[in-house]
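Undergrad: In terms of the numbering used here, the sequence shown is residues 2 to 61.
No residue lacks a Cβ here, since even glycine has one placed at the ideal position from N, Cα and C.
Quantities reported herein were computed from a predicted structural model and do not represent experimental measurements.
Take this structure, written in structure tokens, and hold onto it; I'll ask about it next.
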Amino acid sequence: MFSDNDWSNYKDTKISIIGTEATYGDNARHTQPREVLLRFMATPEQKEALILLSREIAKL
Numbered sequence: 002m003f004s005d006n007d008w009s010n011y012k013d014t015k016i017s018i019i020g021t022e023a024t025y026g027d028n029a030r031h032t033q034p035r036e037v038l039l040r041f042m043a044t045p046e047q048k049e050a051l052i053l054l055s056r057e058i059a060k061l
């Protein structure tokens, strides 16, 4: 899709799963979470690429 539209890749991306206690390291409680939140961040060169990403993520 990106090459079809002559878009460059995202400059930066980051994915975090919130609710798994991953940020606590050795102090985390290792239980099965009932719910988690997926935080996905991206920095595009073109606004249209971010719009495409938001449409794809909405399907999750």
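So the alpha helix (DSSP H) Arg56 belongs to, where does it begin and stop?
TA: Lys48 to Ala59 is the extent of the alpha helix (DSSP H) around Arg56.
Undergrad: Between which two residues does the beta strand (DSSP E) carrying Arg40 extend?
TA: Arg40 -> beta strand (DSSP E) spans Leu38 to Thr44.
Undergrad: For Thr14, which three-state DSSP category applies?
TA: In the structure shown, Thr14 sits in a strand (DSSP, three-state: E or B).
Undergrad: Would you decide whether Pro34 is buried or exposed? Buried here means 16 or more other CB atoms lie within 10 Å of its CB.
TA: Under this definition Pro34 is an exposed residue.
Undergrad: Would the beta-carbon of Val37 fall within 8 Å of that of Ile52?
TA: In this structure, Ile52 does not lie closer than 8 Å to Val37 by Cβ.
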